[in-house]
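Novice: For the sequence shown, the residue numbers in the numbering used here are 497 to 813.
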Amino acid sequence: GSRPGFPSKSGPRLVDSDALLRILTLPRHLAIIGAGYIGCEFASIYRTLGCAVTLMEKESRVLPGWESEAGERVAQMLEMRGVAIQLNRNVSLQQIEENEEGIRVQVRDGPAVEADLVLVATGRKPNLEGLGLGALGIDDTSFLKVDDRMRLSNAGLYAVGDVNGISLLDSTAFSQASVAIHSILGRESCFDQRWIPRCIHSEPPVAAVGFSEGEAKLRGLECQVASETIRLVSDLERSVIDPEPTFVKVIIDSASRHFLGCLAVGDHAPVIVNIATIAMKSGLTIDQLLETSLIQPSASQALLAILRKTCFLRQSG
497 GSRPGFPSKS GPRLVDSDAL LRILTLPRHL AIIGAGYIGC EFASIYRTLG CAVTLMEKES
557 RVLPGWESEA GERVAQMLEM RGVAIQLNRN VSLQQIEENE EGIRVQVRDG PAVEADLVLV
617 ATGRKPNLEG LGLGALGIDD TSFLKVDDRM RLSNAGLYAV GDVNGISLLD STAFSQASVA
677 IHSILGRESC FDQRWIPRCI HSEPPVAAVG FSEGEAKLRG LECQVASETI RLVSDLERSV
737 IDPEPTFVKV IIDSASRHFL GCLAVGDHAP VIVNIATIAM KSGLTIDQLL ETSLIQPSAS
797 QALLAILRKT CFLRQSG
């Protein structure tokens, strides 16, 4: 596993994500340093609980490790819910002052933030202490390096999950464990991050699988890209009058018509990406998926709507 990379012993009002979960009293104002998936999830949770929340990020957008559309839409929805977002704010510990009444975050190029509690959500580090890996010649000062069968340089050792740093998500750990077990049993199995769906449980949720548009183009792949924001009406909606919008983006191989990637932002994002994942793993073309009958109304209809748009773009192009 892994743990927050920030030492939470700095003070009672300056905490990491583990320490925050042990605090039973809600702060009036929570300031969060770091707008990655941990920062966005906690911003969503504490704003829903009624706390004032300020989210600060050193990069120019929220969720800098994801496609820009994901960060833009999450930022928009968080701000609509009342979260204050400050970008391009590189905060160091020296800029944080703690006192009996609260905590103050002094930003070089902006106004200071006064809060009751500051969460530092700027990364994690692996739990490797006490395993004796150094004695085996394995570098245990950072995330462990593994091959596609989850093996360390010492072929008799395997490392799955957070300790290898490939992706700090449970879906990745589960898949890696399966690959390692198959390898140990002598069965052919390799890990490929492309097939692993990933999800951020913020409000709204964000989910993705496969290549992003930029990754596909960097690999020289000829692809078609289509995206749309759809207001889905399903049996899970609170209201059929003004349902929540869901953004869906697909990347399709122009020649084979197979999925290269899918991104979704909205309440139905995990369901949509799960369908795309099954299609990718099964080798279905988008034409085959469009021939499949699905329940209406349902979230899956959003994916089909985008695929129909992709077919139209191909025909008109």
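For every residue, glycine included, the Cβ atom is placed at its ideal position computed from N, Cα and C. Nothing here was measured: the structure is a model prediction, and the numbers come from that model.
#1: Kindly confirm or deny that the region 602-620 and the region 580-591 touch, where touching means at least three C-beta pairs closer than 8 Å.
#2: Let me make sure I understand the geometry here. Which of L664, I662, D643, G661 has the alpha-carbon closest to that of Y654?
#3: Would you tell me roughly how many angstroms separate the C-alpha atoms of I748 and A704, rounded to the nearest one?
#4: By how many angstroms is the C-alpha of W691 removed from the C-alpha of P500?
#5: Since D749 is in the beta strand (DSSP E), which residue starts that stretch and which ends it?
#6: Classify S723 as helix, strand or coil using the three-state DSSP reduction.
#7: Which residue or residues does DSSP assign as beta-bridge partners of P500?
#8: Could you spell out the range, first to last residue, of the alpha helix (DSSP H) harbouring A655?
#9: Just reading off the beta strand (DSSP E) that E610 is part of, what are its end residues?
#10: So for F687, helix, strand or coil by DSSP?
#11: Applying the criterion that 16 or more other CB atoms from any shown protein chain within 10 Å of the CB defines a buried residue, is C547 buried or exposed?
#12: Using CA atoms only, rank isn't needed, just tell me which of E593, E597, F639 is closest to P523.
#13: Within 10 angstroms of the Cβ of P607, are there 16 or more other Cβ atoms? Answer buried if so, exposed if not.
#14: Go ahead and pull the three-state DSSP assignment for L526.
#15: Does DSSP classify I820 as helix, strand or coil?
#16: State the DSSP-derived secondary structure class of V675, mapped to helix, strand or coil.
#17: Which whole-angstrom value describes the C-beta separation of E699 and R577, a residue pair presumed to lie in contact below a C-beta threshold of 8 Å?
#18: Using the beta-carbon count (16 or more within 10 Å), is Y542 buried or exposed?
#19: DSSP three-state label for I696, please.
#20: Count the other C-beta atoms from every protein chain shown that fall within 10 angstroms of the C-beta of D666, then say buried if there are 16 or more, exposed otherwise.
#21: In terms of DSSP beta bridges, what is C758 paired with?
#22: Take T742 as the anchor and find which of E718, L780, L615, V769 has the nearest alpha-carbon.
#23: For E568 and V558, I'd like the C-alpha separation in whole angstroms.
#24: Roughly how many angstroms lie between the CA atoms of M573 and G657, to the nearest whole one?
#25: Are D783 and R753 closer than 8 Å when you measure CB to CB?
#26: Given a cut-off of 8 Å on the beta-carbon distance, is the pair L551 and G535 in contact?
#27: Is the distance from the Cβ of H678 to the Cβ of S685 below 8 Å?
#28: Which class does E594 belong to by DSSP, given the choice of helix, strand or coil?
Specialist: Let me spell this out:
#1: Contact between the region 602-620 and the region 580-591 is present, with at least three C-beta pairs closer than 8 Å.
#2: Indexing the sequence shown from 1 puts residue 654 at position 158. Considering only L664, I662, D643, G661, the residue with the shortest C-alpha distance to Y654 is D643.
#3: Taking the sequence shown and counting its residues from 1, one reaches residue 748 at position 252. Taking the sequence shown and counting its residues from 1, one reaches residue 704 at position 208. Straight across, the Cα-Cα distance linking I748 with A704 is about 14 Å.
#4: What you label residue 500 is simply residue 4 of the sequence shown in a count that begins at 1. What you label residue 691 is simply residue 195 of the sequence shown in a count that begins at 1. Distance between the alpha carbons of P500 and W691 is about 27 Å.
#5: Counting from one through the sequence shown, the residue named residue 749 turns up at place 253. Taken as a continuous stretch (DSSP letters only), the beta strand (DSSP E) holding D749 covers 741-749.
#6: Counting from one through the sequence shown, the residue named residue 723 turns up at place 227. When DSSP states are grouped into helix, strand and coil, S723 belongs to the strand group.
#7: For this step, residue 500 is matched to residue 4 along the sequence shown. In the DSSP secondary-structure assignment, P500 is bridged to R620.
#8: Counted from its first residue, the sequence shown places residue 655 at position 159. DSSP places A655 outside any alpha helix (DSSP H), giving it a letter other than H or E.
#9: Numbered from its first residue, the sequence shown carries residue 610 at position 114. Taken as a continuous stretch (DSSP letters only), the beta strand (DSSP E) holding E610 covers 609-611.
#10: Locating residue 687 in the sequence shown gives position 191, where the first residue counts as 1. In this structure, F687 counts as coil in the three-state DSSP scheme.
#11: In the sequence shown, counting from the first residue as 1, residue 547 sits at position 51. With 16 or more Cβ atoms within 10 Å of its Cβ, C547 is classed as buried.
#12: Your numbering for residue 523 matches position 27 in the sequence shown. For the set E593, E597, F639, the Cα lying nearest the Cα of P523 is the one of E597.
#13: Position 111 of the sequence shown, counted from the start, is the residue given in the question as residue 607. Result: exposed.
#14: Here the question's residue 526 lines up with position 30 in the sequence shown. Three-state result, L526: strand.
#15: Missing from the structure shown is residue 820; the chain here goes from 497 to 813 and no further.
#16: Taking the first residue of the sequence shown as position 1, residue 675 is located at position 179. Looking at V675 - three-state DSSP - the assignment turns out to be helix.
#17: Taking the sequence shown and counting its residues from 1, the one referred to as residue 699 is at position 203. Taking the sequence shown and counting its residues from 1, the one referred to as residue 577 is at position 81. Their Cβ separation, rounded to whole angstroms, is 7 Å, which keeps E699 and R577 in contact under 8 Å.
#18: In the sequence shown, residue 542 corresponds to position 46, counting from 1. The residue in question, Y542, is buried, as its Cβ has 16 or more Cβ neighbours within 10 Å.
#19: Within the sequence shown, the letter at position 200 stands for residue 696. Looking at I696 - three-state DSSP - the assignment turns out to be strand.
#20: Within the sequence shown, the letter at position 170 stands for residue 666. With fewer than 16 Cβ atoms within 10 Å of its Cβ, D666 is classed as exposed.
#21: Indexing the sequence shown from 1 puts residue 758 at position 262. The partner list for C758 (beta bridge, DSSP) reads V705, V746.
#22: Counting from one through the sequence shown, the residue named residue 742 turns up at place 246. If we check each option's Cα against that of T742, V769 comes out closest.
#23: As a working note, residue 568 is residue 72 in the sequence shown. As a working note, residue 558 is residue 62 in the sequence shown. Their backbone Cα atoms lie some 7 Å apart in a straight line.
#24: Indexing the sequence shown from 1 puts residue 573 at position 77. Indexing the sequence shown from 1 puts residue 657 at position 161. Annotation: M573 to G657 spans about 31 Å, alpha carbon to alpha carbon.
#25: Here residue 783 refers to the residue found at position 287 of the sequence shown. Here residue 753 refers to the residue found at position 257 of the sequence shown. Against a cut-off of 8 Å, the Cβ pair of R753 and D783 comes out as a contact.
#26: Looking up residue 551 in the sequence shown gives position 55. Looking up residue 535 in the sequence shown gives position 39. Yes, the pair counts as a contact, with Cβ atoms nearer than the cut-off.
#27: Here residue 678 refers to the residue found at position 182 when the sequence shown is read from its first residue. Here residue 685 refers to the residue found at position 189 when the sequence shown is read from its first residue. Result yes, Cβ atoms of H678 and S685 sit closer than 8 Å.
#28: Here residue 594 refers to the residue found at position 98 when the sequence shown is read from its first residue. When secondary structure is reduced to three states using DSSP, E594 falls in the strand class.
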